[in-house]
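Line by line, the protein sequences give chains A and B. Quick note on this note's numbering: the first sequence kicks off at 1368 and runs consecutively. Quick note on this note's numbering: the second sequence kicks off at 1368 and runs consecutively. No residue lacks a Cβ here, since even glycine has one placed at the ideal position from N, Cα and C.
Number of protein chains: 2
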Amino acid sequence: MSTKNPTACVLVIGNEVLSGRTQDANIRFLAVKLGELGIPVREVRVIPDIAQTIIDTVNEVRKKFTYVFTTGGIGPTHDDITSECIAAAFGVPWEPHPVAFARMEAAYKPGEFNAARQRMGTMPRGAKLIDNAMSVAPGFQMENVYVMAGVPRVMQSMFEWLAPHLEGGQKVEQRAVHATGLPEGIIADGLTAIQARYPDLDLGSYPYYRRTGNGVTLVAKGVSAADAEACIAEVTALILSLGRTPIPGEAPE
Amino acid sequence: MSTKNPTACVLVIGNEVLSGRTQDANIRFLAVKLGELGIPVREVRVIPDIAQTIIDTVNEVRKKFTYVFTTGGIGPTHDDITSECIAAAFGVPWEPHPVAFARMEAAYKPGEFNAARQRMGTMPRGAKLIDNAMSVAPGFQMENVYVMAGVPRVMQSMFEWLAPHLEGGQKVEQRAVHATGLPEGIIADGLTAIQARYPDLDLGSYPYYRRTGNGVTLVAKGVSAADAEACIAEVTALILSLGRTPIPGEAPE
């Protein structure tokens, strides 16, 4: 796999997102941050706390993508099984990590580093630590798999630590234009023709619904800023030709 | 697959969620609504607007799960390719749907039912329509695959129409208790023992972080309400034994 065009898969591990108990807040964060590093997220999977599912999924996606980022399942409770599943996926022992275990032992008061907490210092053999400012328990890396917490503020702290260590790819440039009062169905045929002239760009059409009016945002993405600009200039002319008013940039949220 | 214990997979199709442009709002809605019908969501995948990826993923998950629900990619623009990919996945022609096409033709003013909009009335041969109150363009069903819009209010309208037509399973009962000032690491060992005594229940531990204090919610889920109640009674006693105050129900958001 070329590291010049790296790809990422995000694995959200946990019954709480699948049951709808929790609104996931990690997918978008990772998608945006990884995109900024030139590491586009190409797939997300949300899977339950079932050992064989975790093991099989990790082994499938770590072969397919340059990077795999997991969130969830590394806490102290019985339903936190991500860490031992990663060990099983890599076929290595799950054992106290010399640095993490010692650090956690020192951080807790005598008698409080119990069996449950010791699980958080137990990792696949060979794991490299992912530190964070929020919790004494670190995440870890095994080859191209990065194992992080599910709690958003802890995950974000881990990712901020991790980001400078990731090898990014070409930055994606994007330009946008939007128009209120423009149904997608009217501009679609013209967009198809423009997209065909810019095969290296991804021209996306995103309808929006606002109290102030419905409309559509058109976004051109690619490694060439000049191409993205030329493409959006054509879209702008198309909007004018349809008798609507093009407004540069994305529609405000 | 037993319809007594049906399962669901949600496929979110679209670059906008993978790029972080859009915060997905469909996963949680479907997870909650399907859970209420006794059709637990067992996997979610977010995949890009790439034809072969859509086709392969649909063919993989429709064999694995009782139901597959897709969102996104059925609008009029060039990046809306879900419908023709479903046809390819099922190996059937993609052609004007007699009912949907005629209905849409009648709904638009003369000359406005253009090529782009006609795509929304074009479906895999044999598709059954999924109506909705928001848009003249319907979703559709092919065997156990339900193809819906990505725009949340349209998707929700389609799902509300669809829900009475789905064969649900056993309703999942749940009981909960929470305690502020209780770290997960302290209660974890006791929870493991309780979970072991209720193998038919799913006992989940969910830490929360509030201005008013951090704590943990414990949720027991299963088909037996009596078991869930007995389990949470044991968890309540465990919390008391740890010198904390158990509060029935989930922690308020």
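Range covered by the beta strand (DSSP E) that runs through residue i
| i | result |
| --- | --- |
| Q1508 (chain B) | G1506 to M1509 |
| Q1541 (chain A) | E1540 to T1547 |
| K1588 (chain A) | G1580 to G1589 |
| S1572 (chain A) | D1569 to R1577 |
| M1490 (chain B) | T1489 to P1491 |
In DSSP terms, what residue i is bridged to
| i | result |
| --- | --- |
| P1615 (chain B) | B:V1544 |
| L1496 (chain A) | A:F1507 |
| R1412 (chain A) | A:L1378 and B:R1412 |
| D1436 (chain A) | The sequence given here places Phe at residue 1436 (chain A); Asp does not occur at that position. Note: F1436 (chain A) sits in a beta bridge opposite A:V1377 and A:Y1513. |
Inter-residue Cα distance where the pair is residue i and residue j
| i | j | result |
| --- | --- | --- |
| M1509 (chain B) | N1426 (chain B) | 12 Å |
| P1615 (chain A) | D1423 (chain A) | 46 Å |
| M1368 (chain B) | S1572 (chain A) | Note that M1368 (chain B) has pLDDT 40, beneath the 50 cutoff, so the model's placement of it is unreliable and no number is given. |
| R1412 (chain A) | V1602 (chain A) | 34 Å |
| R1388 (chain A) | G1557 (chain A) | 42 Å |
| L1609 (chain B) | M1522 (chain B) | 46 Å |
| A1543 (chain A) | V1583 (chain B) | 43 Å |
| C1452 (chain A) | A1418 (chain A) | 6 Å |
| V1518 (chain A) | A1455 (chain B) | 39 Å |
| V1466 (chain B) | V1503 (chain B) | 12 Å |
| A1494 (chain B) | P1463 (chain A) | 55 Å |
| Q1541 (chain A) | S1591 (chain A) | 9 Å |
| D1594 (chain B) | D1569 (chain B) | 11 Å |
| E1527 (chain A) | C1376 (chain B) | 32 Å |
| A1474 (chain B) | T1489 (chain B) | 15 Å |
| N1581 (chain B) | P1574 (chain B) | 7 Å |
| P1613 (chain A) | A1392 (chain B) | 28 Å |
| I1622 (chain A) | E1617 (chain A) | Residue 1622 (chain A) lies beyond the stretch modelled for chain A, which goes from 1368 to 1620, so this question has no answer here. |
| L1385 (chain B) | T1579 (chain B) | 34 Å |
| Y1434 (chain B) | G1506 (chain B) | 15 Å |
| E1383 (chain B) | I1380 (chain A) | 22 Å |
| P1460 (chain B) | R1492 (chain B) | 6 Å |
| N1372 (chain B) | A1398 (chain A) | 34 Å |
| K1431 (chain A) | F1396 (chain B) | 30 Å |
| I1394 (chain A) | D1567 (chain B) | 31 Å |
| F1457 (chain A) | R1520 (chain B) | 43 Å |
| Y1576 (chain A) | L1378 (chain A) | 30 Å |
| A1604 (chain A) | T1547 (chain A) | 15 Å |
| V1428 (chain A) | I1414 (chain B) | 13 Å |
| F1436 (chain A) | P1531 (chain A) | 15 Å |
| Q1390 (chain B) | P1619 (chain A) | 15 Å |
| S1524 (chain A) | T1438 (chain A) | 12 Å |
Where the alpha helix (DSSP H) through residue i begins and ends
| i | result |
| --- | --- |
| M1522 (chain B) | P1519 to L1529 |
| E1462 (chain B) | Segment W1461 to P1463 is the beta strand (DSSP E) holding E1462 (chain B); no alpha helix (DSSP H) there. |
| Q1419 (chain A) | A1418 to K1431 |
| S1608 (chain A) | A1592 to S1608 |
| Q1562 (chain B) | E1551 to R1564 |
| A1455 (chain B) | T1449 to F1457 |
| K1400 (chain A) | N1393 to E1403 |
Residue i: contacting residues in chain A (beta-carbon distance under 9 Å)
| i | result |
| --- | --- |
| D1446 (chain B) | L1558, Q1562, D1569, L1570, G1571 and S1572 |
| R1412 (chain B) | E1410, V1411, R1412 and V1413 |
| N1511 (chain B) | Within 9 Å Cβ-Cβ: nothing; N1511 (chain B) doesn't reach chain A, min ~18 Å. |
Closer than 7 Å at the beta carbon, the chain A residues around residue i
| i | result |
| --- | --- |
| G1387 (chain B) | R1395, A1398, V1399 and G1402 |
| R1409 (chain B) | L1385 and P1415 |
| A1482 (chain B) | D1556 |
Amino acids of chain A, ordered along the chain, whose beta-carbon sits closer than 8 Å to that of residue i
| i | result |
| --- | --- |
| V1544 (chain B) | Result: empty, since nearest Cβ-Cβ is about 15 Å, beyond 8 Å. |
| R1470 (chain B) | Neighbours of R1470 (chain B) on chain A: none; closest Cβ ~15 Å, over 8 Å. |
Where residue i meets chain B, residues with beta-carbon distance less than 7 Å
| i | result |
| --- | --- |
| E1551 (chain A) | G1442, P1443 and T1444 |
| N1382 (chain A) | D1569 and G1571 |
Partners in chain B for residue i, counting only beta-carbon separations shorter than 8 Å
| i | result |
| --- | --- |
| D1391 (chain A) | D1391, I1394 and R1395 |
Proximal residues of chain B, C-beta to C-beta of residue i below 9 Å
| i | result |
| --- | --- |
| V1518 (chain A) | P1574 and Y1576 |
Determine, using beta-carbon pairs with one atom in the stretch 1461 to 1477 of chain A and one in the stretch 1513 to 1525 of chain A, whether at least three such pairs fall under 8 Å. Too few Cβ pairs lie closer than 8 Å, so no.
So does the stretch 1439 to 1450 of chain B actually touch the stretch 1545 to 1565 of chain A, counting three or more Cβ pairs closer than 8 Å? The stretch 1439 to 1450 of chain B is in contact with the stretch 1545 to 1565 of chain A.
Three or more C-beta pairs under 8 Å: does that hold for the stretch 1552 to 1559 of chain A against the stretch 1481 to 1488 of chain B? Using a C-beta cut-off of 8 Å, the stretch 1552 to 1559 of chain A makes contact with the stretch 1481 to 1488 of chain B, since at least three inter-stretch Cβ pairs fall below that distance.
Any contact between the stretch 1574 to 1593 of chain A and the stretch 1491 to 1499 of chain B? By contact I mean 3 or more CB pairs, one from each, below 8 Å. The stretch 1491 to 1499 of chain B and the stretch 1574 to 1593 of chain A do not touch, with fewer than three beta-carbon pairs separated by less than 8 Å.
contact_flag[the stretch 1536 to 1548 of chain A, the stretch 1398 to 1413 of chain A] where n(CB pairs < 8 Å) is 3 or more: Here the stretch 1536 to 1548 of chain A lies against the stretch 1398 to 1413 of chain A, with 3 or more beta-carbon pairs under 8 Å apart.
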